[in-house]
Structure formats: structure tokens, C-alpha cells
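To start, the structure itself, in C-alpha cells.
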Amino acid sequence: MLLFAIIALLAGILYGTSGLSISFLDLLSAQSNSILWVLMVCVGISVGLHHGLLAKIRAYRLRIFVLPLGIIAGSCLGGLVCQLLMQNGLAESLAITGGLGWYSLTGVLVTELSGAHFGSIAFFSNLLRELFSFFSIPLIAKYLNYPTCIAPAGATSEDTTLPMMIRYTNEETVVLSVLNGVLCSLAVPFLLKFYYWLG
298 MLLFAIIALL
308 AGILYGTSGL
318 SISFLDLLSA
328 QSNSILWVLM
338 VCVGISVGLH
348 HGLLAKIRAY
358 RLRIFVLPLG
368 IIAGSCLGGL
378 VCQLLMQNGL
388 AESLAITGGL
398 GWYSLTGVLV
408 TELSGAHFGS
418 IAFFSNLLRE
428 LFSFFSIPLI
438 AKYLNYPTCI
448 APAGATSEDT
458 TLPMMIRYTN
468 EETVVLSVLN
478 GVLCSLAVPF
488 LLKFYYWLG
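According to the working numbering, the residues represented by the sequence shown are 298 to 496, in order.
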């Protein structure tokens, strides 16, 4: 899936810089809002497919918010550090890291709010976060602890990086991973809008 995302990104860059005009692709490019809504519906379906999720949430009570809040705070801190190093706008820096690994949604939203330049950076940095998660989860599980494996995955801990959690952690961590992914995925659109309102 990561390879497909990278190929799609490179194909889009080639098409955008080539000067070609294919009506279907131009129409698709103009429908970013519609694509965004479809993505949100898909997240809702993904949440609904996790049977027993509400029972788990009730069992963990307020403890389920510790991981996502820590991940959001860490990502926000990373955005502030990047803002100081790169001298970008505060809203853009926070929004890029505020995607929490959800590259498809973050790329679309940041493009709408700040233009294609920052949208591309947001897409690629969140894609790299997901890729980094695949390599870091086995090491974190071995040398630190299982719940810490969820942090690099961010919003992807309920779907694309979940197989890594299943393989390298235990059952409780897998449940926390799904809950974290759901909460982070729900938070991303609100976080991005909040950062632009703040900045």
C-alpha cells in the first residue's frame, strides 16, 4: 500500500509538471472536497466494523484518552520544533504534523487551506511517518514496551499498522491500538481546522 501511495504521488507530480490536460484527471483534481467526504465516510465505516469497540471503551473509561492525547501533544511539539527550524507559518507546521500519519486526508485538507506546496509536504511527511512506523514498531516492542509502539503509528494504528501490532505486541495493546487509531482519526480534521484558526 505504501508503494502504491508513493507511485501515485510521483505519477501526480509528473502529470502536474508535464503541462498535459486530461479531462478526467482535471475533473478528479477539482473534486477534492467530494473526495474528502468519501474518506470521512470510509473512516466511519471502519469504526463501525470494529465489533465490541464500545464495550472496550466503557471498560477502559478515561484511560483510553491518555495515548491519543499524548500522541497529539507529541505531534504538536514536533510541529513547533519544525516551525522554528524551517521558518514556516505556525498553522502550516502544526497542520503538517497534526495529520498523525493519515497522509491522504492531511494532504487534501492542507492543500485546500494552504495550497499545493504545503499539501504535498503534509502528504509526504505523514506517509513517511507511516513508513517509519513499520520499521520502528518491532524495535520499540523489543527494547521499550508494547504501548509505546502505538505512538509512531498515530492514526494508522487501527488499520495499516495494526498487523505490526498484532505480530509484535499483545492482545491488550492491539485493543488499545484500535481505540487509539479511531480517536486519532476522528481528531485529525478538527485538529487541522483548529491549527489554522489558531494561526
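Idealized CB from N, CA, C, for every residue including glycine.
For Ser-318, the three-state secondary structure derived from DSSP is coil.
Using a 10 angstroms sphere on the CB of Glu-468, the tally of other CB atoms stays under 16, which defines it as exposed. About 24 Å separates the beta carbon of Tyr-400 from that of Leu-381, a gap too long to meet the 8 Å contact definition.
The shortest C-alpha to C-alpha distance from Leu-359 to any of Asn-477, Ala-419, Ser-372 is the one to Asn-477. Across the structure, Lys-490 and Ile-369 are spaced so that their CA atoms are roughly 14 Å apart.
Pairwise C-beta distances place the segment 430-442 out of contact with the segment 378-392, as fewer than three of them are shorter than 8 Å. Scanning Leu-406, Leu-364, Val-335, Leu-307 for the CA closest to the CA of Thr-445 turns up Leu-364. Counting C-beta atoms within 10 angstroms of its own C-beta, Arg-355 has fewer than 16 neighbours from the protein chains shown and is therefore classed as exposed. Residue state for Leu-495 is assigned as helix, using DSSP reduced to three classes. Burial state of Ser-454 is buried, judged by a 10 Å Cβ sphere holding 16 or more other Cβ atoms. For Pro-449, the number of other beta carbons within 10 angstroms of its own is at least 16, and it is reported as buried. Cβ-Cβ distances below 7 Å link Thr-466 to Ala-438, Tyr-443, Cys-446 in the same chain, with the five nearest sequence neighbours on each side left out; the list follows chain order.
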